[in-house]
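Sequences listed follow chains A and R, in order.
Residue numbers for the first sequence follow this note's numbering, beginning at 437 and rising by one.
Residue numbers for the second sequence follow this note's numbering, beginning at 437 and rising by one.
The structure under discussion appears below in the form of structure tokens.
Protein chains: 2
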Amino acid sequence: MNKKYKNALFTLQNAGLSKTPQRIAVLTSLLEATTPLSVRDISQTLAAKARIDRVTIYRILSLFKQHGIAREIASSGGTNYFEMASLENPVHPHFNCRNCGELSCMEPLTFSQSRQLISSQEDYSVDHIEINISGLCAVCRNATKLQKQQNKQV
Amino acid sequence: MNKKYKNALFTLQNAGLSKTPQRIAVLTSLLEATTPLSVRDISQTLAAKARIDRVTIYRILSLFKQHGIAREIASSGGTNYFEMASLENPVHPHFNCRNCGELSCMEPLTFSQSRQLISSQEDYSVDHIEINISGLCAVCRNATKLQKQQNKQV
DNA sequence: TAATTGTTGCAACTCTGTTGCATTATTGAT
DNA sequence: ATCAATAATGCAACAGAGTTGCAACAATTA
Ligand SMILES: [Mn+2]
Ligand SMILES: [Mn+2]
Ligand SMILES: [Zn+2]
Ligand SMILES: [Zn+2]
Chain A
437 MNKKYKNALF
447 TLQNAGLSKT
457 PQRIAVLTSL
467 LEATTPLSVR
477 DISQTLAAKA
487 RIDRVTIYRI
497 LSLFKQHGIA
507 REIASSGGTN
517 YFEMASLENP
527 VHPHFNCRNC
537 GELSCMEPLT
547 FSQSRQLISS
557 QEDYSVDHIE
567 INISGLCAVC
577 RNATKLQKQQ
587 NKQV
Chain R
437 MNKKYKNALF
447 TLQNAGLSKT
457 PQRIAVLTSL
467 LEATTPLSVR
477 DISQTLAAKA
487 RIDRVTIYRI
497 LSLFKQHGIA
507 REIASSGGTN
517 YFEMASLENP
527 VHPHFNCRNC
537 GELSCMEPLT
547 FSQSRQLISS
557 QEDYSVDHIE
567 INISGLCAVC
577 RNATKLQKQQ
587 NKQV
């Protein structure tokens with residue numbers, strides 16, 4: 437509890453972000469979570485302690501993403517989830533249950549390893565595996581390069 | 437053109453689905469597409485020929501998914517995309533440009549292979565790689581099993 | 001033809017996520 | 001500690017994706 441709180445304070449300090457109660461609360465939620473959280477999850481978790489507007493949560497998570505503190509996970513349900521991003525918690529696959537909707541973290545294996553692992557466990561039933569890579573496509577990458585060059589010339 | 441239309445007819449026939457103009461139109465769109473399409477994409481594409489309600493498109497795509505004809509791809513933008521699913525077009529990674537939003541298909545490689553391929557091409561800039569696996573978690577799998585057993589006993 | 005069944009279109013709705021703006025809190029200097 | 005400058009929050013209103021109920025319509029079958 438208190439340890440997570442201190443961790444939250446340190447993380448904000450380290451990123452040069454102001455330590456508002458809202459940011460500390462959201463960060464503490466992410467640190468305490470065992471699965472990725474949706475904005476709704478965070479909102480409900482924090483509702484007991486303080487009433488933080490969901491817009492604020494969105495803005496805080498967006499900020500955390502920009503600073504590499506948190507990472508966003510898309511789900512086909514339309515809701516996005518967030519989890520802590522760090523060297524100790526590298527990018528990894530997630531398992532999304534079609535029935536209860538739970539999103540859980542998996543070991544950071546490769547695609548084929550994950551598939552093998554999952555099929556070897558009788559308990560799971562895999563419908564679909566998806567790899568999504570995001571970044572800049574060739575066109576946009578070049579456009580950005582050109583812009584930078586032009587800015588230098590001006 | 438006509439070839440895609442015939443392919444659409446055959447696919448519906450093969451799945452035992454009635455060949456309505458709306459289903460043929462949506463299926464033809466998917467067959468002609470070079471990238472996964474959103475409901476909005478399909479709606480706009482078909483707007484010239486016929487006015488199909490977006491609810492109908494949702495229902496048709498949901499049906500296609502159930503019959504393994506189409507596959508859904510989640511994107512962090514909140515919009516989901518659809519593409520043909522078949523043995524010739526197996527599950528594969530997708531690249532989502534953060535700038536122009538385009539979603540393009542990648543070769544069906546493993547996670548690590550995709551990462552290597554992408555980093556070896558100067559043009560691309562990768563922000564984030566994500567693997568999402570969906571299906572039934574251990575709890576729901578067991579619950580389903582129990583239900584089936586109980587149904588047999590009744 | 002008439003009854004049955006399945007499909008579509010429309011309206012209304014829920015939910016996620018975003019934006020503009022006024023209010024309030026944090027920070028850093030005095 | 002006080003104050004001004006700046007940053008963050010809350011509120012309201014909004015846009016867009018996706019869903020549901022229901023009536024109208026189309027296809028099938030008797
Ligand atoms: Mn995770
Ligand atoms: Mn694809
Ligand atoms: Zn489950
Ligand atoms: Zn692009």
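Here a beta-carbon is modelled for each residue, glycine too, at the ideal position from N, C-alpha and C.
Everything numeric in this text was worked out from a predicted model, so none of it was measured.
Inter-residue CB distance, residue i and residue j (contact presumed, cutoff 8 Å)
{"i": "L467(R)", "j": "A451(R)", "result": "Not a contact, Cβ separation roughly 14 Å."}
As assigned by DSSP and simplified to three states, the class of residue i
{"i": "S479(R)", "result": "helix"}
{"i": "L423(R)", "result": "For residue 423(R) there is no data in the structure shown, the boundaries of chain R being 437 and 590."}
{"i": "I493(R)", "result": "helix"}
{"i": "I488(A)", "result": "coil"}
{"i": "S454(R)", "result": "coil"}
{"i": "V590(A)", "result": "Interpretation of V590(A) is limited by its pLDDT of 48, a score under 50 that renders its predicted location unreliable; the figure taken from the coordinates is listed afterwards. In this structure, V590(A) counts as coil in the three-state DSSP scheme."}
{"i": "E519(R)", "result": "strand"}
{"i": "S540(R)", "result": "strand"}
{"i": "E468(R)", "result": "helix"}
{"i": "V562(R)", "result": "strand"}
{"i": "K533(R)", "result": "It is Cys, not Lys, that sits at residue 533(R) in the sequence shown. Of the three classes helix, strand and coil, the one that applies to C533(R) here is strand, per DSSP."}
{"i": "I505(R)", "result": "coil"}
{"i": "S498(A)", "result": "helix"}
Ligand 5 heavy atom lying under 7 Å from the CB of residue i
{"i": "H564(A)", "result": "With respect to small molecules bound, the structure shown includes ligand 1, ligand 2, ligand 3 and ligand 4 and not ligand 5."}
Residue i classed as buried or exposed, judged by whether at least 16 other C-beta atoms fall within 10 angstroms
{"i": "S522(A)", "result": "exposed"}
{"i": "Y517(R)", "result": "buried"}
{"i": "S511(A)", "result": "buried"}
{"i": "T471(R)", "result": "exposed"}
{"i": "N438(R)", "result": "exposed"}
C-beta neighbour in chain R for residue i, strict 8 Å
{"i": "Y494(A)", "result": "no"}
{"i": "I460(A)", "result": "no"}
{"i": "N568(A)", "result": "yes"}
{"i": "G452(A)", "result": "no"}
{"i": "V590(A)", "result": "In this prediction, V590(A) scores a pLDDT of 48, lower than 50, which makes its location untrustworthy; the coordinate-derived value is nonetheless stated afterwards. No, because no Cβ of chain R sits closer than 8 Å to the Cβ of V590(A)."}
Below-8 Å beta-carbon distance, residue i vs any chain A residue
{"i": "V562(R)", "result": "yes"}
**chain R contacts made by the segment 571 to 582 of chain A, where a contact means CB separation under 9 Å** = Taking 9 Å as the Cβ-Cβ cut-off against chain R, the residues of the segment 571 to 582 of chain A that qualify are G571, L572, C573, A574, V575, C576, R577, N578, A579 and T580.
**Item:** Selection of the segment 516 to 544 of chain R by Cβ proximity to chain A, strictly under 8 Å
**Value:** Within the segment 516 to 544 of chain R, the residues whose Cβ lies closer than 8 Å to some Cβ of chain A are N516, V527, H528, P529, H530, F531, N532, C533, R534, N535, C536, E538, S540 and M542, listed in chain order.
**Asked** What residues from the segment 479 to 512 of chain R come within 8 Å of chain A, judged by C-beta to C-beta, listed N to C?
**Response** Those residues of the segment 479 to 512 of chain R placed with their C-beta closer than 8 Å to a C-beta in chain A are R507, E508, I509, A510, S511 and S512, ordered along the chain.
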